[in-house]
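Notes follow the structure.
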Amino acid sequence: AQSVTQPDIHITVSEGASLELRCNYSYGATPYLFWYVQSPGQGLQLLLKYFSGDTLVQGIKGFEAEFKRSQSSFNLRKPSVHWSDAAEYFCAVGDYGGSQGNLIFGKGTKLSVKP
Amino acid sequence: GAGVSQSPSNKVTEKGKDVELRCDPISGHTALYWYRQSLGQGLEFLIYFQGNSAPDKSGLPSDRFSAERTGGSVSTLTIQRTQQEDSAVYLCASSLKRGIEQYFGPGTRLTVT
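Listed in order, the protein sequences are those of chains C and E.
Numbering follows my numbering, with no gaps: position 54 of the first sequence is 54.
With positions in the second sequence counted from 1, the corresponding number in my numbering is that position plus 1000.
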């Protein structure tokens, strides 16, 4: 069955430090992959997506992610974290087999930023 | 332009009552999705509408849950005879078509007392 695993429930980094959030997926076909961010009390905002082509994708707010098929991974990175990046981050894969259209989400990684 | 809107933002109801949650998708988006977000279960898919096709109801947890989409636009999620385990944030999303990125609304926080 299709699934997404985010191994880290909670990560704390210092402001200005680099960040990498891990995501592994299980999907039989070519995956359509997404990262979303959710601030407290808000909906989900799309950070970036991967459908095909260049395996390094750029997103909003200075985030990037790299698709590695051999590792079934789609890790999110940012070179220098800002206090405003504190939020919960969700990795998702599009479940587009047959007539389905929904996203399958990981459990999320909560990011805290130390001043 | 306007994003996905949902109403109400918060709903408190008594166990056993019916509730209706509303979603206004982005204009022109043919696909509409409902998800539920709870502490124990994370983000779960509930139902998916694509144009005028029959909806994909495979994620609905019980027959107390139903949804409709009128005129290919606004959608209403109805929960009958609410139970405490229905307490969650209900998120609506829309996309221009199936298979591409989805845009989410702010959600409706449902509390069943």
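Backbone N, C-alpha and C fix where the C-beta goes; we use that ideal spot for every residue, glycine too.
Cross-chain neighbours of residue i in chain E, by beta carbon under 7 Å
| i | result |
| --- | --- |
| F90/C | L1043 |
| G94/C | G1099 |
| F63/C | Correct list: empty, because the minimum Cβ distance to chain E is about 15 Å. |
Through-space distance from residue j to residue i, alpha-carbon basis
| i | j | result |
| --- | --- | --- |
| Y32/C | D1086/E | 30 Å |
| S52/C | V37/C | 22 Å |
| D85/C | E1020/E | 34 Å |
| G101/C | G94/C | 7 Å |
| W35/C | V1004/E | 18 Å |
| T5/C | H1029/E | 29 Å |
| T1113/E | K78/C | 42 Å |
| Q1102/E | Q1084/E | 29 Å |
| A87/C | R1109/E | 18 Å |
| W83/C | T12/C | 11 Å |
| T1078/E | R22/C | 36 Å |
| C91/C | L1039/E | 17 Å |
Near the ligand SAM: residue i beta-carbon under 8 Å from a heavy atom
| i | result |
| --- | --- |
| F74/C | For the ligand SAM, the structure offers nothing, since it holds no ligand at all. |
Partner residues on chain C for residue i, Cβ-Cβ distance less than 9 Å
| i | result |
| --- | --- |
| R1022/E | Those within 9 Å of R1022/E in chain C number zero; the least Cβ separation is about 15 Å. |
| G1059/E | N102 |
Endpoints, the beta strand (DSSP E) within which residue i is located
| i | result |
| --- | --- |
| V13/C | 10-14 |
| K49/C | 44-50 |
| S1027/E | Counting along the chain, S1027/E falls outside any beta strand (DSSP E), and DSSP gives it neither H nor E. |
| Y36/C | 33-38 |
| L76/C | 73-78 |
| Q1050/E | 1042-1050 |
| E20/C | 19-21 |
| I1079/E | 1075-1079 |
| V1004/E | First-last for V1004/E: undefined, no H or E at that position. |
| Y25/C | 24-26 |
| A29/C | Element bounds for A29/C: n/a, residue is neither H nor E. |
Chain-ordered chain C contacts of residue i [CB-CB under 8 Å]
| i | result |
| --- | --- |
| Y1048/E | Q100, G101, N102 |
| A1031/E | G101 |
Under 7 Å from the C-beta of residue i: neighbouring residues of chain C
| i | result |
| --- | --- |
| F1104/E | G43, L44 |
| Y1090/E | Near Y1090/E there are no residues of chain C at all, since even the closest Cβ is about 11 Å away, more than 7 Å. |
| G1107/E | G43 |
| G1051/E | Here the premise fails: no neighbours, minimum Cβ distance about 11 Å. |
Amino acids of chain E, ordered along the chain, whose beta-carbon sits closer than 8 Å to that of residue i
| i | result |
| --- | --- |
| K107/C | G1042 |
Cβ distance (whole Å) where residue i is taken to contact residue j below 8 Å
| i | j | result |
| --- | --- | --- |
| G16/C | S112/C | Going by Cβ atoms, the distance from G16/C to S112/C rounds to 14 Å, so no, they are not a contact pair. |
| S1009/E | P1106/E | 7 Å |
Closer than 9 Å at the beta carbon, the chain E residues around residue i
| i | result |
| --- | --- |
| Y50/C | Result: empty, since nearest Cβ-Cβ is about 11 Å, beyond 9 Å. |
| Y27/C | Those do not exist, as Y27/C stays about 14 Å from chain E at its closest Cβ, beyond 9 Å. |
| F74/C | Those within 9 Å of F74/C in chain E number zero; the least Cβ separation is about 14 Å. |
* Those runs of the alpha helix (DSSP H) which lie wholly inside the segment 51-110 of chain C and span at least 4 residues -> DSSP runs (the alpha helix (DSSP H)) wholly in the segment 51-110 of chain C: none.
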